[in-house]
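Numbering (the UniProt record's numbering), first residue to last: 61 to 482. Ideal Cβ placement from N, Cα and C applies to all residues, glycine included. Note that the structure is predicted; figures quoted are calculated from it, not measured.
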Amino acid sequence: LADDVFTKRKKFLGPSLFHYYQKPLNIVEGKMQYLYDESGRRYLDAIAGVVTVSCGHCHPRVLDAIMEQSKLLQHATTIYLHHAIGDFAEALASKMPANLKVVYFVNSGSEANELAMLMARLYSGNLGMISLRNSYHGGSSGTLGLTALNTWKYPIPQGEIHHVVNPDPYRGIFGSDGARYAKDVQDHIDFGTSGRVAGFIAETIQGAGGAVELAPGYLKNVYFIVRKAGGVCIADEVQSGFGRTGSHYWGFETQGVIPDIVTMAKGIGNGLPIGAVVTTPEIASVLASKIQFNTFGGNPVCSAGGLAVLRVLDEEKRQAHCADVGTHLIGRLKDLQQRYDIIGDVRGRGLMVGIEFVSDRKEKTPAKAEAAVLLEKLRELGVLVGKGGLHANVFRVKPPMCFTKDDADFLVDALEYSLAKF
Ligand code: PMP
Numbered sequence: 061l062a063d064d065v066f067t068k069r070k071k072f073l074g075p076s077l078f079h080y081y082q083k084p085l086n087i088v089e090g091k092m093q094y095l096y097d098e099s100g101r102r103y104l105d106a107i108a109g110v111v112t113v114s115c116g117h118c119h120p121r122v123l124d125a126i127m128e129q130s131k132l133l134q135h136a137t138t139i140y141l142h143h144a145i146g147d148f149a150e151a152l153a154s155k156m157p158a159n160l161k162v163v164y165f166v167n168s169g170s171e172a173n174e175l176a177m178l179m180a181r182l183y184s185g186n187l188g189m190i191s192l193r194n195s196y197h198g199g200s201s202g203t204l205g206l207t208a209l210n211t212w213k214y215p216i217p218q219g220e221i222h223h224v225v226n227p228d229p230y231r232g233i234f235g236s237d238g239a240r241y242a243k244d245v246q247d248h249i250d251f252g253t254s255g256r257v258a259g260f261i262a263e264t265i266q267g268a269g270g271a272v273e274l275a276p277g278y279l280k281n282v283y284f285i286v287r288k289a290g291g292v293c294i295a296d297e298v299q300s301g302f303g304r305t306g307s308h309y310w311g312f313e314t315q316g317v318i319p320d321i322v323t324m325a326k327g328i329g330n331g332l333p334i335g336a337v338v339t340t341p342e343i344a345s346v347l348a349s350k351i352q353f354n355t356f357g358g359n360p361v362c363s364a365g366g367l368a369v370l371r372v373l374d375e376e377k378r379q380a381h382c383a384d385v386g387t388h389l390i391g392r393l394k395d396l397q398q399r400y401d402i403i404g405d406v407r408g409r410g411l412m413v414g415i416e417f418v419s420d421r422k423e424k425t426p427a428k429a430e431a432a433v434l435l436e437k438l439r440e441l442g443v444l445v446g447k448g449g450l451h452a453n454v455f456r457v458k459p460p461m462c463f464t465k466d467d468a469d470f471l472v473d474a475l476e477y478s479l480a481k482f
């Protein structure tokens, strides 16, 4: 079976798809925080299909909601109304700050960010967008311009997009001084644009960039600067939302700001293709005289499934659980850091955790090759983590939100075993 998959992959699937592991995993089943390959081997999933499986693989309540809706009505498009889209939008809006109440549904994070950028440009009347170096906002042609990770450099027309200095407390040039990094945004506006901008977008905690929490005070300062220049502030919550940080439901709350537009995807669907943009009535009104059509956005099955996801996360108290398990996990990883110099940094909140490997602690030399070897070793021990960061030297631990303290111990023990044998 496995060989058959690999043959077909080579023959029919595009070369730019990348897989983890020298011999890619062929997954046949998922149950909560576990995945199973074709031989029946179980793996602890600590990356959740890239931070997407929030409630757990094949969570029974989400499955029930999908099945029930599928039997009744699978597809309608927004040229008709159906109950599921209204219920889902209402539930999502109830999770947002008071002024953010207008929801557009799309199918992915890239689409959500495309729409947010369009709204920012229409609302402000300006073209210029600002995003952070080390950011990931999508793979569509517009969002590729916003994305600024080395690995995603494509020769595409970028419009007027400015990538500003990344406010990374570990690697950034100004340490944890959020206000100082914000000055680079002002400089770009003063010297790189006409003095006006359409908008600023940032992941409130960077995901693909390696679980980087923005320096304290950064967004407060930047939002002030951007609004003064006529722009709107967009929070990309594709990875950091829905209580994963433990301390807050949304990542932007960790910086004490309220964005003008919030984009989301991944965890909102537990695996269903759902994206959403939530904004203020004023900003949404720029689309009032236009048609924003999306064939599958807000379809009945995704809406019913998404609503079930929101309910499960609430009723199973997953935010508090993430806080509890995350504190335990980060504590154990910091302890490991004391004993292994290769661990340069342990960071994160809740179940959004990064482990950065360096070959020299003082120089912070990225241990890219070592991280690649460790990724394979963890797989051999039955643990799947993500890898990212500008230098591909950061492990990302962002499991389904049902991940337990025992799972955390298993992961840390496996990592220690691998490091000890290194
Ligand atoms: N924003 C962030 C923060 C992401 O992590 C991603 C996906 N990795 C996207 C946007 C794009 O989402 P999608 O792959 O669903 O288009």
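Considering residue i, what are the terminal residues of the beta strand (DSSP E) in which it resides?
i          : result
Glu263     : Gly259 to Glu263
Ala295     : Val292 to Asp296
residue 35 : The requested residue 35 is not part of the displayed model; the chain covers only 61 to 482.
Met412     : Met412 to Asp420
His223     : Ile221 to Val224
Give every residue of the same chain whose Cβ lies closer than 6 Å to the Cβ of residue i, excluding the five residues on either side of it in the sequence, and list them in chain order.
i           : result
Val317      : Leu279, Lys280 and Tyr283
residue 489 : Coverage of the chain is limited to positions 61 through 482, which leaves residue 489 absent and any answer about it impossible.
Gln397      : Ile403 and Val406
Phe312      : Thr264, Ala295 and Pro319
Thr323      : Ala172, Asn173, Ala176, Asp296 and Val337
Tyr214      : Leu204
Are residue i and residue j close, meaning C-beta to C-beta below 8 Å?
i      : j      : result
Ala268 : Leu209 : yes
Ile321 : Ile328 : no
Gly188 : His223 : no
Gly410 : Thr305 : yes
Gly169 : Gly202 : no
Ala108 : Lys458 : yes
Asn194 : Gln266 : yes
Arg439 : Gly448 : no
Val298 : Ala262 : no
Ala106 : Val445 : yes
Tyr309 : Gln379 : yes
Ile233 : Ala289 : no
Leu104 : Leu471 : yes
Ala468 : Leu389 : yes
Going by alpha carbons, who is nearest to residue i out of the options?
i      : options                           : result
Arg392 : Arg407, Glu430 and Glu263         : Arg407
Ala431 : Gly404, Ser200 and Glu313         : Gly404
Cys362 : Thr207, Val111 and Gly146         : Gly146
His135 : Gly358, Thr387, Lys458 and His451 : Gly358
Asn186 : Ala325, Gly259, Phe470 and Leu438 : Gly259
Leu152 : Leu370, Val457, Leu95 and Asp420  : Leu370
Val443 : Phe463, Gly306, Ala429 and Lys68  : Phe463
Pro460 : Lys428, Ala176, Val372 and Glu423 : Val372
Phe417 : Tyr230, Leu133, Gly255 and Gly386 : Tyr230
Val111 : Glu423, Leu332, Leu389 and Ile351 : Leu332
Leu141 : Gly232, Pro360 and Tyr183         : Pro360
Ser200 : Asn167, Gly232 and Pro227         : Asn167
Tyr196 : Phe470, Asp467, Val454 and Leu450 : Leu450
Val286 : Val88, Ser184 and Gln129          : Ser184
Gly414 : Ile139, Val433 and Lys394         : Lys394
List the DSSP bridge partners of residue i.
i      : result
Ala336 : Phe165 and Met324
Asp105 : Leu444
Gln266 : Val272
Lys91  : Tyr94
Asp405 : Glu416
His117 : Met92
Asn194 : The partner list for Asn194 (beta bridge, DSSP) is empty, contrary to what the question assumes.
Pro426 : Val418
Asn330 : Leu332
Give me, in chain order, the residues of the same chain whose beta-carbon lies closer than 8 Å to that of residue i; leave out the 5 immediate sequence neighbours on both sides.
i      : result
Ala125 : Ala364, Gly365, Leu367 and Ala368
Met179 : Val292, Ile321, Val337, Thr339, Ile343, Ala344, Val346 and Leu347
Asp244 : Val224 and Val225
Gly219 : Leu187, Met189, Gly202 and Gly205
Phe482 : Ile402, Glu430, Val433 and Leu434
Under DSSP, the alpha helix (DSSP H) around residue i begins and ends at which residues?
i           : result
Leu187      : Careful: Leu187 lies outside any alpha helix (DSSP H) and carries neither H nor E.
Arg456      : Arg456 -> not in any alpha helix (DSSP H); beta strand (DSSP E) instead, spanning Val454 to Val457.
Leu95       : From DSSP, Leu95 is part of no alpha helix (DSSP H) but of the beta strand (DSSP E) over Tyr94 to Asp97.
Arg371      : Pro360 to Glu375
Asp395      : Arg378 to Arg399
Ala149      : His143 to Ala153
Asn281      : Tyr278 to Lys288
residue 486 : Past the boundaries of the shown model lies residue 486; the chain is included only from 61 to 482, so the question cannot be answered.
Ser201      : Ser201 to Leu206
Tyr241      : Gly238 to Asp247
Take residue i and list the residues in its own chain whose beta-carbon comes closer than 7 Å to its own, dropping the five residues that flank it on each side.
i      : result
Cys118 : Gly90 and Lys91
Gly116 : Met92, Gln93, Pro460 and Cys462
Glu476 : Leu396
His381 : Met461
Ser114 : Phe302, Gly327, Asn330, Val369, Leu373, Pro460 and Met461
Pro227 : Gly238, Tyr241, Leu274, Ala275 and Tyr278
Leu85  : Asp97
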